[in-house]
Amino acid sequence: MQANPDGGKHRTKQPTNSMTTGAADAGRSPLPDPPYWQGAAVVGLYRLGFLVLLILAWFWASQSVQRNIIPTPWATAEAAVKLIGEGRLPDALLSSLSVYFSGYLAAAICAIPIGLLMGAMRPVGKTLDVFVFALSATPRVAFIPLIIVLLGLGPQAKIFVVFLGAVMPIIINTYAGVLAADDELIEMARSVGAGKGRIFLRIVLPGALPFVVVGLRIGATIGLINTVVAELYTAVTGLGGLLAVYGNTFRMAEYFVIVLTLALIGVVVTEILRLIETRLGRWRQRS
Amino acid sequence: MSAGGLPRDTAASVAQAVLLEGVSKSFRSGKGSRTEALRDVTLSVPEGKFVTLLGPSGCGKTTLLRIVDGLIAPDIGRVEVYGSAPRPGPDIGLVFQSFRLIPWLTAQANVEFALRSLALSRPDRQAQAHEYLGLVGLTGFAQAYPAELSGGMKQRVALARALACEPRILLMDEPFASIDAQTRELMQVELMRLWARRKSAVLFVTHSVDEAIVLSDQIVLLGPRPGRVVESLDVDLDRPRWAYDTRSDARYVELRRYLSARMRDLVLADPQSEFFQREPTSTETAAPENEPTASGR
Ligand SMILES: Nc1ncnc2c1ncn2[C@@H]1O[C@H](COP(=O)(O)OP(=O)(O)OP(=O)(O)O)[C@@H](O)[C@H]1O
Ligand SMILES: [Mg+2]
């Protein structure tokens, strides 16, 4: 894809050739655009406000529901400090993240080429897509006993559960992205003499990219869910393990810390992918 | 004005850029039925001439250009571009009805994309793309993405892309149809200036009678369903036509009245048109329809 360091905003907007100054060139606003961070700052402020509302609601719930079921935000914060200080939270986090990222990365590396191949070679796609859809509709938890038999209870089994969860949405979305290629652009490329390879690299692939990123985002979410599922169903470790331990012993403050940590991982990963998505889509008109 | 069949040129020695003989093409449509897009079309574009295909919607104009570009093959008939079967590539420039710019590439990169089929070094390619963007007056917008350009500017990028390869023949499919009337007139003048620099053969498609007369050396009138050649006539107006008020020339007025009436008859006689037999065909009282009228010249 074309990287354009000074694309978009800072550009002379005067056509240089006066002969061709048509009506179409007129009507550009003389006012400078507001700096991009202004919009971002406002949204950030709204988000912060909503977060405060959530914490207030949490506090209210902790007071009105019968005691000890919902911990106060303060008790939760104390528990977090303690868990971090003891090193239990960082250890669990590290263990979970290594499972999560291994499985997710392996899924992305396998799924994108498979999806591209299915889209680029129609017979391959038509043969495989039914099976892909069937597999993605089957709850992956159903495979866990089989995976335990084959791979045991260790990290391999966990990574494979994550992989299975993340791989399907990435394949399906990549495949859909290739199929959604713009036929008119492809015909244009053919008409200027572009071969199959150039059409795939320069038209089909960039066109499919937004779909791939959507697949990666869905895959990231399912992968995180499956990380916890794997930690609960195989050898009890990581954040999922702590979740089970604290949940079963009614240590609700600690339990809440783990839940919030998982939510935070989800937010960070999807935000990074969203950032990639907007960077790739810079050619779209700013509104 | 000379109405009549082909070949129409007195000098048989004139080299033909495009030659179509007995070309037919039909498409499978919907439930097993077939749409006959073109039936037995014979026409030619002499070297260095500006020929326009004029016809109402659905008479196979786009299909014909795709055949001449070599994008699709006719069912039967002979197609030759400079003496051999057409192959899509830099020798034949095609400007599409919808601009078809690559949205994630800048104007400059869109033009360069077409130039990649030529054996040019990277700096040469960049320079040539820049030169042709300048020719259509878009030097200041070389780094703009299509989404940031107006309709007229997009079409100019598309024109620059087609011209940059310096094709031996230029095919243009209603390039100004989706542009407002004022910009369209300016674009027509600009096209004529560009064409006057280097007279390649042009096969231009339009459904606007005025556009056809203002631009062409020869007009081929097509009729719908099936698409076929109805008539072919010469335009004997002096060039350069931007230098005087073409639209008040007596020959222009006469040609315009005649072509408008023929176009109207073709639409009224088309069973698939919503205007079919809505009105008794009135060749004599053909009033100026909603074509852009002469202004600002
Ligand atoms: N790929 C295709 N598949 C099926 N039918 C087609 C195809 N291309 C064209 N046709 C049919 O052939 C006929 C002629 O189409 P074409 O697009 O060439 O007309 P046109 O003269 O360019 O029309 P317009 O002025 O609206 O652009 C139409 O009836 C159209 O439905
Ligand atoms: Mg058309």
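Quick mapping for you: the protein sequence lines, in order, are chains A and B. Residue numbers in the first sequence follow the numbering used here, run continuously in steps of one, and reach 289 at the last position. Residue numbers in the second sequence follow the numbering used here, run continuously in steps of one, and reach 316 at the last position. Every residue gets a Cβ at the ideal spot worked out from N, C-alpha and C, and that includes glycine.
Any non-hydrogen atom of ligand 4 within 6 Å of residue i CB
i, result
"B:A146", "Among the ligands present in this structure, namely ligand 1 and ligand 2, ligand 4 is not found."
Closest by C-alpha distance to residue i, when choosing among the options
i, options, result
"B:L189", "B:I95, B:L210, B:L205, B:L57", "B:L210"
"A:A94", "A:K128, A:G242, A:R142", "A:G242"
"B:R217", "B:L182, B:D192, B:A200, B:L241", "B:L182"
"A:I1", "A:I172, A:P125, A:R204, A:W76", "The question about residue 1 of chain A has no answer here: the residues shown for chain A are numbered 3 through 289."
"A:W60", "A:V215, A:A77, A:L119, A:G89", "A:A77"
"A:T74", "A:G87, A:I86, A:L58", "A:L58"
"A:V230", "A:R90, A:I260, A:V180", "A:I260"
"B:S169", "B:L152, B:A146, B:R144, B:I198", "B:I198"
"A:L264", "A:L55, A:L96, A:I174", "A:L96"
"B:S63", "B:V239, B:P259, B:E273", "B:V239"
"A:M120", "A:A178, A:L91, A:R90, A:G87", "A:A178"
"B:R258", "B:F115, B:V249, B:D236", "B:D236"
"A:F135", "A:P147, A:L47, A:G117", "A:G117"
"B:Q145", "B:C184, B:S52, B:Q116, B:F118", "B:C184"
"A:T280", "A:L130, A:F213, A:G87", "A:F213"
"B:S251", "B:S140, B:G156, B:Y277", "B:Y277"
"A:A237", "A:I149, A:L187, A:G217", "A:I149"
"A:I71", "A:Y257, A:A139, A:V132, A:Q40", "A:Y257"
For residue j and residue i, believed in contact at Cβ under 8 Å, the rounded distance
i, j, result
"B:R270", "B:L256", "6 Å"
"A:L155", "A:F162", "Not really, about 12 Å apart at Cβ, beyond 8 Å."
"B:V70", "B:V233", "Not a contact, Cβ separation roughly 14 Å."
"B:M191", "B:F160", "That belief does not hold up - the Cβ atoms of B:M191 and B:F160 are roughly 21 Å apart, past 8 Å."
"A:A232", "A:A159", "7 Å"
"B:G246", "B:L57", "4 Å"
"B:E131", "B:A148", "5 Å"
"A:F165", "A:G105", "4 Å"
"B:A126", "B:L152", "6 Å"
"B:P186", "B:G112", "4 Å"
"B:V249", "B:L241", "6 Å"
"B:V42", "B:V100", "About 13 Å separates the two Cβ atoms, so there is no contact after all."
"A:A246", "A:L234", "6 Å"
"A:I174", "A:A191", "No, A:I174 and A:A191 are not in contact; Cβ-Cβ is about 26 Å, not under 8 Å."
"A:L99", "A:L91", "At roughly 12 Å, the Cβ-Cβ gap does not stay under 8 Å, so A:L99 and A:L91 are not in contact."
"B:E150", "B:F195", "The pair is not a contact, with the Cβ atoms about 23 Å apart (cut-off 8 Å)."
"B:S136", "A:A196", "7 Å"
Whether residue i touches residue j by CB criterion (7 Å)
i, j, result
"A:W285", "B:P75", "no"
"B:N129", "B:R180", "yes"
"B:L39", "B:V60", "yes"
"A:G221", "A:A168", "yes"
"A:R219", "A:L282", "no"
"B:T225", "B:E193", "yes"
"B:L134", "B:K173", "no"
"B:D88", "A:S193", "yes"
"B:V114", "B:A177", "yes"
"B:P107", "B:K44", "no"
"B:R266", "B:V228", "no"
"B:G77", "B:P243", "yes"
Range of the contiguous alpha helix (DSSP H) that encloses residue i
i, result
"A:G117", "90–122"
"B:E296", "Here residue 296 of chain B turns out to be Gln, not Glu, going by the sequence shown. Run containing B:Q296: none; DSSP gives neither H nor E here."
"B:R260", "No alpha helix (DSSP H) holds B:R260; DSSP gives it neither H nor E."
"A:Q68", "Segment: none, A:Q68 is in no alpha helix (DSSP H) and carries neither H nor E."
"A:D185", "185–193"
"A:L155", "Run containing A:L155: none; DSSP gives neither H nor E here."
"A:E279", "254–282"
"B:A280", "269–287"
"A:G199", "198–201"
"B:G170", "170–183"
Limits of the unbroken beta strand (DSSP E) element including residue i
i, result
"B:K44", "35–48"
"B:L62", "52–65"
"B:G112", "111–114"
"B:L72", "69–73"
Chain-ordered neighbours of residue i on chain D, where CB pairs are closer than 8 Å
i, result
"B:L210", "Looking for chain D here will not work: the only protein chains present are A and B."
Curious, which full-length beta strand (DSSP E) runs of at least 3 residues does the stretch 188–249 of chain B contain?
-> 188–192, 220–225, 237–242, all fully within the stretch 188–249 of chain B.
Jot down the residue ranges of each uninterrupted alpha helix (DSSP H) in the stretch 204–252 of chain A, minimum 4 residues, whole runs only, in chain order.
-> 207–235, 240–250
Inside the stretch 80–166 of chain B only - beta strand (DSSP E) runs reaching at least 3 residues | For the stretch 80–166 of chain B, whole beta strand (DSSP E) runs of length 3 or above, ordered along the chain, are 95–100, 111–114.
Whole alpha helix (DSSP H) runs in the stretch 124–175 of chain A with 4 or more residues, listed along the chain?
-> 124–139, 146–153
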